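> Pasting a structure here, questions to come.
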Amino acid sequence: THARLSEMFQNRSIEKIYLAITVNAPSQTIGTIDTFIDRSKADRKKMAVSSSGKRAVTHYEVLRNYDFFSVCRIILETGRTHQIRVHFSHLNCPILGDITYSSLKRTLNTIPHNFHKKAKYLLANHLKRQALHAYKLKFIHPITGKEIIAEAPIPDDMQYTLSWLKKNFDV
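With positions in the sequence shown counted from 1, the corresponding number in my numbering is that position plus 2.
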């Protein structure tokens, strides 16, 4: 039932797995980001890492590093508003295309000048959102007790971006 599923989300017994393309790569290939997140004092529409707020825990693994970008698998232990976007921006690895917690200028400052035109074209014509996708949910069915795995295919815009990275930055 809906109530039972809602309770499972509240109890954190549903594993949510995301795929993200980030600008830069975290310093560790596998890691956990454990901070507090609260409303940004500078902009009430945004969230920010703070000394107060609610605890937020994000586990990640860098699946592929493309010099100036990386592809990460992310598992949320908690589910705070904008948690992944805030945490990765805090690591100086913002989600590609995220104009709330990063900017085109920040992205362009990360990559060599000769790729600026290509990156602008990519973000204007193919990836018009942040490169973040919830691709898998895992949970135990509340009635049958069997593990359920629901997967969503990677959207075309992210597939295109992954191909673009491989073509331009694969070594």
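Just so it is clear, CB atoms sit at the ideal spot from N, CA and C, and this is done for glycine as well.
Remember, predicted model here, so these are calculated numbers, not experimental data.
Can you grab the Cα-Cα spacing for the pair residue 135 / residue 144, in whole Å?
Each residue's alpha carbon lies about 26 Å from the other.
> Any idea if residue 36 is buried or exposed, counting beta-carbon neighbours within 10 angstroms, 16 or more meaning buried?
So residue 36 ends up on the exposed side.
> For the region 101-108 against the region 51-67, are there 3 or more C-beta pairs whose distance is under 8 Å?
No, the region 101-108 is not in contact with the region 51-67.
> Would you call the region 127-141 and the region 16-24 touching, i.e. three or more CB-CB distances under 8 Å?
Result yes; three or more Cβ-Cβ pairs closer than 8 Å.
> So, at 7 Å on beta carbons, what are the nonlocal neighbours of residue 162 in its own chain, with the 5 sequence-adjacent residues on each side left out?
Same-chain partners within the cutoff: 128.
> On the three-pair Cβ rule with 8 Å, is the region 150-160 touching the region 114-127?
No contact exists between the region 150-160 and the region 114-127.
> Can you check the region 44-121 for any beta strand (DSSP E) of at least 3 residues that lies completely inside it and give the ranges in chain order?
The region 44-121 contains these whole beta strand (DSSP E) runs: 49-52, 56-68, 71-78.
> Are residue 56 and residue 38 closer than 9 Å when you measure CB to CB?
Yes, the pair counts as a contact, with Cβ atoms nearer than the cut-off.
> Are the Cβ atoms of residue 170 and residue 120 separated by less than 9 Å?
Yes; because the gap between Cβ atoms is below 9 Å, this pair is in contact.
> Answer with buried or exposed for residue 156, where buried requires no fewer than 16 other C-beta atoms within 10 angstroms of its C-beta.
Classification for residue 156: exposed.
> Where does residue 172 sit, in a helix, a strand or coil, going by DSSP?
If DSSP states are grouped into helix, strand and coil, residue 172 belongs with coil.
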